[in-house]
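Asks: One structure follows; several queries about it will come next.
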Amino acid sequence: MKAESVEAGEGSSVRPPKLGSNRGISITDLVLRAVALIGTLASAVAMGTTDETLPFSTPFVQFKAEYNDLPTFTFFVVANSVVCGYLSLSLPASIFHIVRSEVKISRVVLVFFDTAMLSLLTAGASAATAIVYLAHEGNASANWVAICQPFNFFCDRISGSLIGSFGGIIMFMLLILLSTIALSRF
């Protein structure tokens with residue numbers, strides 16, 4: 001009879017973690033966070049600096065539209081600002097994952113906070129989208145007129161600010177997906 005030697009790990013179903021692919025995931029994570037940060041920052045700035053005064057107003061009566069006339073837009077700016085702040089604070093953790101791609105606990109923490117930020121950003125963007133739709137289309141049943149005819153610049157700007165926010169939502173979905181893929185490799 002021959003004695004066979006079995007090395008540790010041979011024949012077992014446990015695989016070692018794929019650290020090279022986790023490093024690639026970590027680099028992609030960093031890039032997605034940077035893109036989401038730029039998108040949410042641009043959305044908050046675009047919405048927060050939006051105002052328009054109609055040119056046919058008199059010195060006594062002026063027709064002016066500002067983002068803070070509607071609490072929904074204020075919530076949108078605050079939500080994008082909070083998410084932008086979170087993303088800037090999470091960038092060092094993302095860089096840490098590139099250096100040490102085997103770390104597991106901080107990835108779980110990031111998935112938790114990424115999910116919370118995704119929820120906040122989705123709530124802000126969805127609420128603002130409803131108001132932007134009403135600004136463009138109005139609602140005849142409720143006697144709300146569309147204000148985008150006279151306030152064209154204002155409406156273009158608030159509509160454009162939604163793009164960065166929805167881009168951030170897509171980035172967060174990808175971030176959560178990538179983090180869970182990286183976690184499943186451990």
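Going by full-length UniProt numbering, the sequence shown opens with residue 1, and the numbers climb by one from there.
All C-beta atoms in this analysis are idealised placements derived from N, C-alpha and C, irrespective of residue type, glycine included.
Source: prediction; values computed, not measured.
In three-state DSSP terms, what is N139?
Replies: Counted from its first residue, the sequence shown places residue 139 at position 139. If DSSP states are grouped into helix, strand and coil, N139 belongs with the strands.
Asks: So what does DSSP say about A125, is it helix, strand or coil?
Replies: Position 125 of the sequence shown, counting from 1, holds the residue named residue 125. Three-state DSSP puts A125 in a helix.
Asks: With burial defined as no fewer than 16 other Cβ atoms inside 10 Å of the residue's Cβ, what is the status of G9: buried or exposed?
Replies: Within the sequence shown, numbered from 1, the residue matching residue 9 stands at position 9. With a pLDDT of 48 at G9, under the threshold of 50, the modelled position of this residue cannot be trusted; read the value that follows with caution. Burial call: exposed.
Asks: Specify, as a first and last residue, the run of the beta strand (DSSP E) that A65 falls within.
Replies: For the purposes of this step, residue 65 is taken as the residue at position 65 of the sequence shown. Here the beta strand (DSSP E) through A65 covers 64 to 66.
Asks: Touching or not, the segment 101 to 114 and the segment 142 to 157, by the rule of three or more beta carbon pairs under 8 Å?
Replies: No, the segment 101 to 114 does not touch the segment 142 to 157.
Asks: Take S21 and list the residues in its own chain whose beta-carbon comes closer than 6 Å to its own, dropping the five residues that flank it on each side.
Replies: As a working mapping, residue 21 is identified with position 21 in the sequence shown. Taken in chain order, the list of residues that qualify is empty.
Asks: For L70 and T40, I'd like the C-alpha separation in whole angstroms.
Replies: Numbered from its first residue, the sequence shown carries residue 70 at position 70. Numbered from its first residue, the sequence shown carries residue 40 at position 40. Roughly 19 Å between the two C-alpha positions.
Asks: Against chain C, does D114 count as a neighbour if the rule is that its beta carbon must be under 8 Å from one of theirs?
Replies: No chain C appears in the structure shown, which is made up of a single protein chain.
Asks: If distances are taken between C-alpha atoms only, which option among A135, G124, G138 comes closest to V83?
Replies: For the purposes of this step, residue 83 is taken as the residue at position 83 of the sequence shown. The candidate whose alpha carbon is nearest that of V83 is G124.
Asks: Round the Cβ separation of F172 and L121 to the nearest angstrom and send it over; I've been treating them as touching at under 8 Å.
Replies: Here residue 172 refers to the residue found at position 172 of the sequence shown. Here residue 121 refers to the residue found at position 121 of the sequence shown. Rounded, the Cβ-Cβ distance is 7 Å, consistent with contact.
Asks: What is the C-beta distance between L37 and L87, in whole angstroms, given that I count them as a contact (C-beta under 8 Å)?
Replies: Your numbering for residue 37 matches position 37 in the sequence shown. Your numbering for residue 87 matches position 87 in the sequence shown. Indeed they touch by this definition, with Cβ atoms about 4 Å apart.
Asks: Just the Cα atoms here: how many angstroms apart are N80 and R33?
Replies: As a position in the sequence shown, residue 80 is number 80, starting the count at 1. As a position in the sequence shown, residue 33 is number 33, starting the count at 1. About 14 Å.
Asks: Looking only at its own chain, which residues have a Cβ that is under 6 Å from the Cβ of E7, when we skip the five neighbours before and after it?
Replies: Here the question's residue 7 lines up with position 7 in the sequence shown. No answer about E7 holds up, because its pLDDT of 47 lies below 50 and its placement is not dependable.
Asks: Can you pull the DSSP bridge partners for D51?
Replies: As a first step, residue 51 must be located in the sequence shown, where it is residue number 51. According to DSSP, which records beta bridges pairwise, D51 is partnered with E66.
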